[in-house]
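Read in our numbering, the sequence shown has 525 at position 166, and its numbers run on one by one without any break. Structure first, commentary second.
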Amino acid sequence: MTYSAFIARRKDSASRSRIEREQEAHLPPVRKFRQKDMVSLLTAIAASAALGIGVSSCAVGPDYVAPTVELASFHNHAVASATQAATPAPPLDSWWTGFNDPMLVAVVQRALAQNLDLAAAFARVQQARATAAAAGAQLLPTVDLDAAGTAEHQSLDSPLGELGQSAPGYGRDQREYTVGAAASWEIDLAGGLRRNAAAARDEAQAAVAEQVGTRITVAADAADAYLQIRGFQARLSVAQDQIDTDAHLLDLVKVRRRLGAAEEREVAQAEALLNQAKSTVPPLRTELEAQLNRLDVLMGVQPGTYAQQLAAPVAIPAIPSIGNDDQPLDVLRRRPDIIAAERRLAGSNERIGVAISDYYPKISLSGALGFDSTSASHLFSAQAFQPIGSGALRWRLFDFGKIDSEVAQARGAHAEALAAYRQTALKAAEDVENAFMSLAQTEARRQELEDEVVSLTRARDLSERAYKAGAITLTDVLDADRQLLVARDDLDSTRADAARAAVSVFRALGGGWDATTNPRLASDGSADPTRSR
């Protein structure tokens with residue numbers, strides 16, 4: 360409340376006019392507020408403040424204790440480790456460098472720098488931090504500096520004018536000047552403000568963890584889109600090779616038909632095979648375009664911006680090894696969704712104390728130091744000096760169970776947050792187990808398909824030689840060619856899927872940020888879900 364507001368409140372409550380002050384001149388004089396009275400007022404305020412600080416050091420409500428989650432070792436970790444390549448495991452905070460693909464590294468870094476979801480998450484962090492700062496500021500006094508000047512020409516037809524004009528020396532023109540500082544402070548007797556500030560800090564830390572989670576998602580999605588692009592490009596290359604092979608086969612059949620060594624049916628079969636190979640291209644180009652556009656959006660630009668940079672096909676990156684020292688406890692400490700859930704749980708615990716604090720009285724102090732005068736030349740004189748001090752007590756004694764309901768609601772929200780935290784931890788373990796199994800089985804399938812392609816390639820070559828020698832029919836060649844086409848396409852698709860499965864493992868493990876040195880989370884360990892307080 361500003362100094363002018365203090366003065367206005369006094370005037371509204373007293374409704375004193377100049378004629379009233381003149382009438383009061385006939386009353387016994389009131390003792391003036393001297394300097395020692397001001398010292399007494401300040402001493403009383405300081406004593407009350409010290410009392411409030413001492414009392415507020417004990418906050419009502421339960422103290423937070425971080426829950427513990429017991430998880431066994433990942434049972435699919437050994438299965439995934441058995442199928443891994445001999446390349447060393449990359450650092451988990453920059454796992455995309457382990458694929459040894461400079462373009463993949465550039466794509467992920469560009470997405471982390473330009474992604475709009477990540478920018479929105481950072482803005483939410485700024486909002487949460489501002490909210491936490493505002494909640495913390497409520498524990499401190501509020502001081503306002505104010506100055507005002509008022510000029511009034513009194514109406515003679517108003518009730519006050521009709522009464523005042525009959526008094527000797529009445530003047531219609533009135534002026535008033537005020538300047539001063541006002542302070543107000545709510546003493547946190549039960550610790551409700553402190554609990555509210557702590558809850559806001561916990562929620563700000565949850566917002567930071569969610570931002571880190573967005574970072575992990577953006578990096579993984581960018582890598583996933585890139586790997587799919589390389590996979591579709593490889594499959595298009597296989598389709599083109601097959602088209603060239605089938606076109607060559609069709610030419611051979613036509614030559615044999617002109618020489619009378621082949622039938623028209625064989626020409627039709629060769630043409631059908633060529634058309635079948637060509638028909639696989641449009642769906643692959645459609646999927647390729649979709650992933651190129653997806654990657655551009657992830658990088659925060661209009662679709663088509665970076666497509667030219669990825670136009671040249673390259674080999675699908677080899678999969679790096681996955682570190683074998685990741686245990687459930689490490690995942691709990693590293694995964695941002697678990698950190699965010701734990702921080703929300705801590706905040707809900709503080710909200711219980713906020714609700715319980717309403718059972719206790721709330722005391723607020725207000726004071727103002729300033730000058731009030733009808734003359735600007737005498738505004739800063741001793742006679743115009745006007746200090747004001749006030750105190751207020753508010754205590755909800757009878758509210759028909761409203762506080763009880765608020766406390767019960769806060770406890771229910773805490774129970775919900777606890778269940779959500781435990782569910783998040785279990786979901787994290789599920790993600791890791793599924794990612795490990797997907798990687799292991801996809802890699803196993805890739806190895807089987809590689810062997811199948813080698814065998815089918817040899818079988819097709821032998822079939823074509825036999826057909827040229829007249830030992831077998833064209834149908835046998837077509838069957839061998841069709842099987843090889845399907846196997847090669849399936850192999851390239853599986854190679855991309857295996858690389859994507861490795862990305863899913865890194866994502867499930869919480870990779871993509873430095874959990875030990877990242878300054879965005881609390882450095883005191885308050886965001887550690889395994890730490891009890």
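For every residue, glycine included, the Cβ atom is placed at its ideal position computed from N, Cα and C.
Contact between Arg-702 and Asp-561 is confirmed by a C-beta separation of about 5 Å, below the 8 Å threshold. Separation of Gly-748 and Ala-540 (C-alpha to C-alpha, rounded to the nearest whole angstrom) is 12 Å.
Of the candidates Ala-858, Ala-559, Asn-474, Gln-745, Ala-559 places its Cα closest to the Cα of Ala-492. The continuous alpha helix (DSSP H) containing Asp-605 extends over residues 551–617. If you draw a 10 Å sphere on the C-beta of Asp-810, you find fewer than 16 other C-beta atoms in it, and that means exposed. By the Cβ rule, the segment 575–587 does not count as touching the segment 715–727, because fewer than three pairs are nearer than 8 Å.
Cα atoms of Val-845 and Ile-678: separation of roughly 23 Å, rounded to the nearest angstrom. Following the DSSP letters along the chain, one finds Glu-429 in no beta strand (DSSP E), marked with neither H nor E. Phe-481 and Val-567 have their C-alpha atoms roughly 8 Å apart. DSSP places Ser-680 in the coil class of the three-state scheme, outside both helix and strand. With contacts defined as CB atoms closer than 8 Å, Leu-643 and Ile-588 fail to qualify as a contacting pair. Here Ser-814 carries a helix assignment [DSSP, helix/strand/coil].
Contact annotation: Val-428 and Leu-691 have beta-carbon atoms nearer than 8 Å. Of all C-beta pairs linking the segment 612–621 to the segment 506–518, fewer than three are shorter than 8 Å, placing the two stretches out of contact. Ile-697 is positioned such that its CB atom lies closer than 8 Å to that of Ala-787. For the pair Leu-868 and Arg-693, the CB atoms are nearer than the 8 Å cut-off. Along the segment 836–860, the beta strand (DSSP E) does not occur as any fully enclosed run of 3 or more residues. CA-to-CA, the gap between Ala-699 and Ala-714 works out to about 23 Å. At least 8 Å separates the beta-carbon of Asp-452 from that of Asp-790. Bridge partners of Gly-750 according to DSSP: Leu-724. The criterion of a C-beta distance shorter than 8 Å is not satisfied by Pro-421 and Asn-793.
Excluding five sequence positions before and after Ala-510, the CB atoms of its chain that fall closer than 7 Å to its own CB belong to Arg-534, given in chain order. Excluding sequence positions up to five before and after Val-464, its CB lies within less than 7 Å of the CB of Trp-455, Thr-456, all in the same chain and listed in chain order. Relative to Pro-500, the option among Ile-546, Gln-635, Tyr-536 whose CA is nearest is Ile-546. If you draw a straight line from the Cα of Pro-450 to the Cα of Thr-853, it comes to about 25 Å. Bounds of the beta strand (DSSP E) holding Ser-543 are 532–546. Linking Pro-676 to Gln-592 through their CA atoms gives a straight-line distance of about 13 Å. With a cutoff of 8 Å on beta-carbon distance, Ala-769 and Ile-711 are scored as near each other. Exposure of Phe-759 is indicated by the presence of fewer than 16 other C-beta atoms within 10 angstroms of its C-beta. Glu-511: member of the beta strand (DSSP E) spanning 501–512, first to last residue. Around the beta carbon of Leu-833, 16 or more other beta carbons sit within 10 angstroms, so the residue counts as buried. For Gly-457, there is no enclosing alpha helix (DSSP H), as DSSP gives it neither H nor E. Residue pairing for Ser-732: DSSP places it in a beta bridge opposite Tyr-536. For Leu-548, the closest alpha carbon among the candidates Ala-494, Trp-754, Ala-825, Thr-537 is that of Trp-754. With contact defined as three or more Cβ pairs closer than 8 Å, the segment 594–609 and the segment 635–649 are in contact.
Straight-line measurement puts the Cα of Leu-651 at about 10 Å from the Cα of Gln-667.
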